[in-house]
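Trainee: The following block contains the structure, expressed as structure tokens.
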Amino acid sequence: MARRLELHTDRLFPAEPTVRSIARELYAQVAACPIVSPHGHCDPAWFADNDPFSDPTSLLVRPDHYLTRMLYSQGVALTSLGISATGHDDELGPGTARAAWQVFAQHYDLFRGTPSRIWLDQTFIDLFGLDVVLDGETADHYFDVISDALTRDEYRPRSLFESFNIEVLATTESPLDDLDGHKRLGAEGWGNRVITTFRPDPVVNPAHDGFVENVAALGTLTHRDTGRWDDYLASLWERRQVFRSFGATATDHGHPAATTADLSAEKCQQLLTGALSGHLDDREADLFRGQVLTEMAAMSLEDGLVMQIHAGSRRDHNPLVHRLYGRDRGADIPGPTDYVESLRPLLNRFGNDSRLTVILFTLDESAYSRELAPLAGHYPCLLLGPPWWFFDSVEGIRRYRRAITETAGYANTAGFNDDTRAFLSIPARHDLARRVECGELAYLVSEHRLTLEDASELAEDCAHRLARRAYRLGVR
Amino acid sequence: MARRLELHTDRLFPAEPTVRSIARELYAQVAACPIVSPHGHCDPAWFADNDPFSDPTSLLVRPDHYLTRMLYSQGVALTSLGISATGHDDELGPGTARAAWQVFAQHYDLFRGTPSRIWLDQTFIDLFGLDVVLDGETADHYFDVISDALTRDEYRPRSLFESFNIEVLATTESPLDDLDGHKRLGAEGWGNRVITTFRPDPVVNPAHDGFVENVAALGTLTHRDTGRWDDYLASLWERRQVFRSFGATATDHGHPAATTADLSAEKCQQLLTGALSGHLDDREADLFRGQVLTEMAAMSLEDGLVMQIHAGSRRDHNPLVHRLYGRDRGADIPGPTDYVESLRPLLNRFGNDSRLTVILFTLDESAYSRELAPLAGHYPCLLLGPPWWFFDSVEGIRRYRRAITETAGYANTAGFNDDTRAFLSIPARHDLARRVECGELAYLVSEHRLTLEDASELAEDCAHRLARRAYRLGVR
Amino acid sequence: MARRLELHTDRLFPAEPTVRSIARELYAQVAACPIVSPHGHCDPAWFADNDPFSDPTSLLVRPDHYLTRMLYSQGVALTSLGISATGHDDELGPGTARAAWQVFAQHYDLFRGTPSRIWLDQTFIDLFGLDVVLDGETADHYFDVISDALTRDEYRPRSLFESFNIEVLATTESPLDDLDGHKRLGAEGWGNRVITTFRPDPVVNPAHDGFVENVAALGTLTHRDTGRWDDYLASLWERRQVFRSFGATATDHGHPAATTADLSAEKCQQLLTGALSGHLDDREADLFRGQVLTEMAAMSLEDGLVMQIHAGSRRDHNPLVHRLYGRDRGADIPGPTDYVESLRPLLNRFGNDSRLTVILFTLDESAYSRELAPLAGHYPCLLLGPPWWFFDSVEGIRRYRRAITETAGYANTAGFNDDTRAFLSIPARHDLARRVECGELAYLVSEHRLTLEDASELAEDCAHRLARRAYRLGVR
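Taken in order, these protein sequences are the chains called C, B and E. Heads up: take any position in the first sequence, counting from 1, add 89, and you land on the working numbering. Heads up: take any position in the second sequence, counting from 1, add 89, and you land on the working numbering. Heads up: take any position in the third sequence, counting from 1, add 89, and you land on the working numbering.
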């Protein structure tokens with residue numbers, strides 16, 4: 090028998106009645122604030138084309154590595170979820186999509202206690218009006234209801250964008266991207282609503298798939314000899330300016346470590362030459378990436394782009410999954426990540442310049458109180474990004490605030506990021522974060538560590554103002 | 090004046106009334122579930138012989154390194170607790186046992202706020218009907234009551250086993266063990282109730298006391314030349330099969346690091362030869378242990394034994410205590426432990442095979458959210474063992490679930506282990522874990538992160554079903 | 090409009106009514122206990138001279154690196170806070186002091202959620218009777234009220250000391266210090282109330298500013314050739330004895346790592362010679378510091394001084410700030426800190442001797458449960474110091490007790506340290522710690538993990554008895 094699915098109005102608030110009632114009051118003030126989404130992975134083509142989304146599986150399951158990871162860990166074959174070695178963007182036939190949805194539904198219990206479950210349930214209810222729990226028996230009902238909705242105009246990408254009350258959403262593109270989606274969006278007056286972010290990893294990380302070809306392609310784009318260090322930098326600078334013209338206010342850097350470097354031009358040329366001939370060892374590749382970070386900081390001082398450093402993920406830990414199914418299939422595993430020594434070269438050059446903003450992200454929670462809060466609580470250029478990836482969750486946000494605030498306060502944090510390619514989950518993700526932030530503020534108020542008046546201001550800061558300020562996004 | 094000792098019916102539940110009432114409801118469902126104890130260190134001879142336990146000190150104090158460690162840290166001489174350099178298994182005279190008990194009782198206050206105190210108090214009340222707090226004044230009363238009880242038939246090992254409602258209990262033996270206790274248990278129809286576990290550390294760890302002699306003895310047992318790598322492996326395989334015939338469903342590996350390796354046969358032979366001639370340096374010894382782990386995984390794929398890896402303890406950190414009193418005297422200290430890089434070689438070979446089960450344990454809690462939950466939340470072969478050793482406690486279990494669940498869910502965890510040689514504490518240990526797990530589930534329900542219905546299922550999973558499934562133990 | 094400032098009687102207690110009422114009851118017992126302050130950085134000259142404090146900025150803002158750090162991180166120039174490159178001890182003109190106070194006040198919101206805010210607000214209310222929140226508009230009012238108070242006799246250092254109910258306060262001095270303040274205090278009968286602590290870093294750390302000159306000065310003081318290892322040690326010993334004569338019961342060692350060493354006299358001489366000729370690399374400097382720690386332990390066994398090891402801070406991470414404004418300006422950043430391997434050489438020699446007391450501090454919270462509690466829960470010589478620096482806070486103390494107690498109990502901890510140079514904040518700091526400790530005990534009582542009677546004893550232990558015992562301070 091189908092189980093009833095419902096959203097409790099007090100969900101994610103602490104149970105203690107005093108705390109809960111304060112949380113409720115704070116949340117009421119921010120629940121309807123516009124969504125500011127300064128970092129994420131949506132496809133700009135969705136909004137440029139404004140075509141209907143194809144089917145529930147392609148929309149909600151296949152691209153969500155939180156889901157496919159967990160299912161895989163319990164022995165579910167990725168192929169049974171519609172993922173194939175030929176690339177995950179192929180259109181699924183309706184039978185395949187429905188069968189994959191059934192597999193997902195039968196294993197939906199695995200997500201009990203995870204944020205994915207919270208985001209999905211809220212999406213099912215708020216967006217599709219579903220009122221029974223997803224399981225093997227209700228799978229077809231879900232598939233039908235969602236499929237039907239997706240054919241309707243109000244479920245097209247731009248309508249959803251409007252109904253989600255998104256004010257601005259940043260996507261993330263490679264310097265090699267032609268930004269076609271953003272061009273078309275600009276032409277249709279959406280240029281300030283969907284903006285790009287400059288993410289140069291494919292031309293910066295010697296270990297990236299196709300690095301050598303990518304750097305060559307960068308040279309072709311900019312008519313420069315990217316085998317020369319000065320031309321390589323000039324090419325990056327020029328692409329940054331193109332990205333700025335498509336609304337970018339930030340760059341983003343996904344590196345295995347937070348290493349930065351400050352080497353001589355001669356040494357830089359040697360590393361670039363080595364990278365392009367495939368001769369760098371791991372340490373040198375790390376140094377090369379680290380040197381580019383420092384160069385990016387120098388450019389940010391010129392062009393005002395905010396730097397984001399997402400450090401510490403060991404990408405594609407599982408070579409079999411990487412070989413068969415490609416990147417971003419859930420096999421990226423965090424490791425211990427140093428910031429104190431790694432960031433020295435960059436900070437020695439630019440750390441005291443408050444015109445620069447560098448936002449740090451971590452997957453190593455032990456660094457929150459030990460390194461990140463002390464660094465952000467001292468250096469004018471540093472802010473801490475919100476809990477990232479695995480930690481964008483109820484407990485994750487609680488641990489973050491409790492480890493960070495006493496040392497770095499709220500002002501040295503950068504507000505919320507949804508960081509998602511799961512477009513439909515964006516309202517639920519922001520809602521979760523707002524509820525948990527209000528709960529944390531209520532906890533402080535209940536212990537008389539903060540006045541209600543201050544908590545009320547900080548709730549709004551957390552909901553959108555910190556993000557606007559950190560990412561230099563104006564108010565519409 | 091003696092202080093009253095009592096067990097509150099709501100103990101270990103969160104205080105908040107809504108949470109507490111949910112916890113109570115969940116606990117009521119699992120309080121009487123049979124005990125499944127898939128990993129521990131009881132002596133099979135206790136149950137084979139079924140002799141009465143000798144005295145309170147030998148039973149409850151002397152073998153419990155949680156207790157002796159704390160007492161030693163506050164200046165209590167180990168000899169005053171009946172522990173001597175001549176080996177801790179000597180029988181204590183009644184005067185010595187009583188005097189040692191008095192020392193323990195006088196320092197019982199040291200355990201306030203520790204799980205040992207909770208386990209012991211519950212044992213004193215539930216098993217011996219004691220109703221005053223243990224201290225210097227009540228020590229003799231305790232000694233008399235417990236001594237008297239131990240002479241009675243219902244306090245013999247098998248009777249206790251029955252009254253504890255233990256369904257199955259795994260002990261842990263060396264490949265060199267003759268399994269005499271298990272043989273006798275099998276002959277008396279107890280073979281499915283007390284099973285063995287294959288723990289090859291004495292013949293796998295070049296740093297183990299007597300390693301060279303142990304490997305030779307392994308060869309004698311199996312009539313093989315264990316100086317040859319292929320014969321060494323074949324000997325291990327043969328002993329595994331003997332252990333399987335005595336009920337083993339698992340192996341266990343206590344290593345200082347989680348290193349695994351995948352070397353050529355030639356290199357393996359070199360390492361074995363080096364180990365047997367005492368010529369390995371620390372790195373090579375680590376590599377040798379790591380290679381054996383990978384070989385054990387290969388064998389597990391054949392014979393179905395579940396692998397347990399207990400990584401990260403620096404054994405016998407205190408050489409004086411080790412020299413005078415031997416192993417397991419409380420001087421094992423954890424250190425930082427890497428899993429992401431260490432497990433690569435094993436995972437590269439077998440990580441995607443869902444027929445293999447590898448259960449990971451850690452003493453480095455910073456790895457929970459950073460490495461272990463992401464690994465277990467991806468690799469089909471991996472499960473996370475319960476909080477180990479120092480963390481088998483109220484706060485330890487809470488931290489574990491909060492750090493793990495949002496990434497890895499419940500299904501990637503292996504249920505509870507009591508992991509103890511303190512047989513009498515087994516019911517109290519399982520009770521503590523059940524209470525705390527129910528409290529955690531109630532916390533999720535109270536915030537509407539989980540339905541009561543789901544919590545109820547998960548409470549039973551935590552109480553015994555996850556352990557059965559992880560360790561491949563059938564239902565009687 | 091000015092916002093009302095008030096102290097709630099239940100502040101810092103958990104909100105849950107049962108827990109709160111227990112916390113209230115426990116706190117009532119310890120609220121008025123005398124303050125024992127065994128480690129801190131007050132200037133003994135304040136009490137020797139007993140001159141009025143000069144102005145609010147010099148007293149409360151300029152020397153407090155918790156404040157200047159946060160302000161600097163948000164772009165406030167240190168010079169605008171009255172800090173100049175010419176040294177921070179210059180007297181500020183009244184206009185400069187007032188202007189700097191205004192800057193501080195305008196940014197006071199940055200401290201919401203931090204312990205600094207809690208300490209300051211309590212000081213403002215309890216000591217100066219202020220009843221509006223500090224901000225840009227109330228800044229002048231604050232400055233006037235505080236300035237006025239400071240001219241009154243009851244705000245002189247000794248009067249405050251009395252009114253704070255401080256029983257004993259330890260300051261921290263270099264071996265090169267002439268202890269003039271302490272001499273004068275002794276002459277006036279204050280010798281048992283303000284005592285010194287022997288902190289030899291300037292003559293022990295080869296990386297310390299002026300190390301070579303410092304070691305030479307040490308030789309001049311003791312009429313010894315401190316270029317010889319035996320004389321160097323003898324000089325340290327002699328200075329320790331002088332410090333003892335001024336009340337010292339402890340030494341203190343602020344090292345970047347917890348490294349200890351046990352080298353031959355020949356090797357020690359080589360390292361000393363290298364250090365004095367500026368030829369040690371980082372590893373050798375670490376070894377040198379580590380060897381001195383072991384020597385200090387040997388001396389402690391002779392003279393009974395308690396050793397404090399404050400390990401893990403990377404001092405002066407920001408070279409610009411260091412060059413312009415000197416040490417202790419907020420640019421000290423913690424890093425990962427090993428204890429298990431680092432302490433081996435010292436522990437191998439003295440770890441089992443319960444006549445020795447070594448108190449360990451950390452800025453790496455991941456070591457609490459992994460290394461520090463297991464070490465302190467085993468070695469007779471070890472105690473854990475209270476949460477240090479960034480962690481001397483509500484959440485910091487909660488994390489500490491929850492990570493430590495289950496393994497090491499209360500008896501292996503050293504009570505509270507205020508560790509401050511902010512003399513006026515001492516009552517508020519002890520009050521915060523007492524409230525939070527009582528809250529933690531109440532939490533245990535509410536879950537029936539501790540009896541109220543035991544909690545009551547432990548509350549008093551935490552308030553002052555553990556500190557007295559750890560630091561060998563008698564009761565007046």
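C-beta: ideal position from N, C-alpha, C; glycine also.
Any idea what DSSP makes of Ala479/E, helix, strand or coil?
Mentor: The sequence given here has Phe at residue 479/E, not Ala. In the structure shown, Phe479/E sits in a helix (DSSP, three-state: H, G or I).
Trainee: Rank Leu258/B, Ile284/B and Ser126/B by C-alpha distance to the C-alpha of Asp269/B and give the top, closest one.
Mentor: Per the Cα distances, Ile284/B.
Trainee: So, with DSSP's three-state summary, where would you put Leu239/C?
Mentor: If DSSP states are grouped into helix, strand and coil, Leu239/C belongs with the helices.
Trainee: Who are the neighbours of His97/E on chain C, taking C-beta pairs under 8 Å?
Mentor: The answer, in chain order, is His537.
Trainee: Tell me whether the stretch 385-404 of chain E and the stretch 140-155 of chain E touch, counting them as touching only if at least three CB pairs, one residue from each stretch, are closer than 8 Å.
Mentor: No, they do not touch.
Trainee: Decide if the stretch 322-342 of chain B is in contact with the stretch 382-402 of chain B; the criterion is three or more beta carbon pairs, one per stretch, under 8 Å apart.
Mentor: At 8 Å Cβ cutoff, the stretches touch.
Trainee: Report all residues from its chain with a CB closer than 8 Å to the CB of Arg510/B; omit the five preceding and five following residues, and keep chain order.
Mentor: Closer than 8 Å at the Cβ level, and outside the excluded window around Arg510/B, lie Gly129, His130, Cys131, Asp132, Pro152 and Asp153.
Trainee: Taking 8 Å as the threshold (C-beta atoms), are Ile493/E and Leu36/E in contact?
Mentor: Only positions 90 to 565 of chain E appear in the structure, and residue 36/E is not among them; the question remains open.
Trainee: Does Thr496/E come out as helix, strand or coil in the three-state DSSP assignment?
Mentor: In this structure, Thr496/E counts as helix in the three-state DSSP scheme.
Trainee: Secondary structure at Asp144/E, three-state DSSP: helix, strand or coil?
Mentor: If DSSP states are grouped into helix, strand and coil, Asp144/E belongs with coil.
Trainee: I'd like to confirm something about Leu452/B: is its beta-carbon nearer than 7 Å to some heavy atom of the ligand FMN, or not?
Mentor: Among the components of this structure there are no ligands whatsoever, and the ligand FMN is therefore not found.
Trainee: Excluding five sequence neighbours on each side, which residues of the same chain lie with their C-beta closer than 7 Å to the C-beta of Ala552/B?
Mentor: The answer, listed in chain order, is Val119, Cys122 and Arg523.
Trainee: Quick one: what does DSSP say His177/C is sitting in, helix, strand or coil?
Mentor: At His177/C, the pLDDT of 48 sits below 50, so the modelled position is not reliable; the number obtained from the coordinates is stated separately. In this structure, His177/C counts as coil in the three-state DSSP scheme.
Trainee: Taking the alpha-carbon positions, what's the Ala517/E to His467/C distance?
Mentor: One C-alpha to the other measures close to 24 Å.
Trainee: Between the stretch 452-478 of chain B and chain C, which residues of the former have CB atoms less than 8 Å from a CB of the latter, in chain order?
Mentor: Cβ contacts with chain C: Ser455, Ser458, Arg459, Glu460, Ala462, Pro463, Leu464, Ala465, Gly466, His467, Tyr468, Pro469 and Leu471.
Trainee: Alpha carbon to alpha carbon, what distance is there between Glu277/C and Leu239/C?
Mentor: Whole-angstrom Cα-Cα distance: 23 Å.
Trainee: Taking Leu567/C as the reference, give the member of Ala194/C, Arg187/C and Asn254/C with the closest Cα.
Mentor: Chain C is shown only over 90 to 565; residue 567/C falls outside these bounds and no answer can be derived.
Trainee: Give me the Cα-Cα distance between Tyr489/C and Val483/E, rounded to the nearest whole angstrom.
Mentor: Whole-angstrom Cα-Cα distance: 15 Å.
Trainee: Can you check whether the C-beta of Ser162/E is within less than 8 Å of a C-beta belonging to chain C?
Mentor: Output row for Ser162/E: interface = yes.
Trainee: Is the Cβ of Ser514/E closer than 8 Å to any Cβ of chain C?
Mentor: So no, Ser514/E is outside the interface.
Trainee: Measuring CB to CB, does Ala147/C end up less than 8 Å from Asp507/C?
Mentor: Before going further, note that residue 147/C is Ser rather than Ala in the sequence given. For Ser147/C and Asp507/C, no; Cβs fall outside 8 Å.
Trainee: Does the distance from the CB of Arg288/B to the CB of Thr261/B come in under 8 Å?
Mentor: Closer than 8 Å, so yes.
Trainee: Let me know if Ser389/B comes out buried or exposed under the rule of 16 or more other beta-carbons within 10 Å of its beta-carbon.
Mentor: Buried, by the Cβ-count rule.
Trainee: Count the other CB atoms, across all protein chains shown, that sit within 10 Å of the CB of His368/B; report buried if there are 16 or more and exposed otherwise.
Mentor: The residue is exposed, with fewer than 16 neighbouring Cβ atoms inside 10 Å.
Trainee: Taking 8 Å as the threshold (beta carbon to beta carbon), is Gly336/C in contact with chain B?
Mentor: No, Gly336/C does not count as interfacial toward chain B.
Trainee: Would Arg92/C pass as a contact of Val222/C if the rule is Cβ separation under 8 Å?
Mentor: Yes, the pair counts as a contact, with Cβ atoms nearer than the cut-off.
Trainee: Listing by chain order, which chain E residues have their CB less than 7 Å from the CB of Gly498/C?
Mentor: Correct list: Met159, Leu199, Phe200, Arg201, Gly202 and Thr203.
Trainee: Please classify Thr212/B: does DSSP put it in a helix, a strand, or coil?
Mentor: Note: Thr212/B maps to helix in three-state DSSP.
Trainee: If we define contact as Cβ-Cβ less than 8 Å, is Thr494/C a contact residue for chain E?
Mentor: True, the Cβ-Cβ gap to chain E drops below 8 Å.
Trainee: Classify Thr451/B as helix, strand or coil using the three-state DSSP reduction.
Mentor: Residue state, collapsed to three classes: strand.
Trainee: Would you kindly work out how many angstroms separate the C-alpha atoms of Ala485/B and Glu536/E, rounded to a whole number?
Mentor: Reading off the sequence shown, one finds Gly at residue 485/B, where the question assumed Ala. Taking the straight line from one Cα to the other gives about 15 Å.
Trainee: Does the contact criterion of 3 or more C-beta pairs under 8 Å hold for the stretch 431-440 of chain E versus the stretch 377-394 of chain E?
Mentor: The answer is yes - the stretch 377-394 of chain E touches the stretch 431-440 of chain E, with three or more Cβ pairs under 8 Å.
Trainee: From the beta carbon of Ile125/B, is the nearest beta carbon of chain C less than 8 Å away?
Mentor: Correcting the residue type first, residue 125/B is Val in the shown sequence and not Ile. Chain C contact via Cβ: absent.
Trainee: Taking only beta-carbon positions, decide if Leu533/C is within less than 8 Å of chain E.
Mentor: Chain E contact via Cβ: present.
Trainee: Starting from the C-beta of Ser169/B, find all residues in its chain whose C-beta is less than 7 Å away, skip the five residues before and the five after it, and write them out in chain order.
Mentor: Excluding residues within five positions, the ones whose Cβ falls inside 7 Å are Ala189 and Val192.
Trainee: Find the residues of chain E that neighbour Glu105/C, judging by a C-beta separation of less than 8 Å, and give them in chain order.
Mentor: The answer, in chain order, is Ala104 and Glu105.
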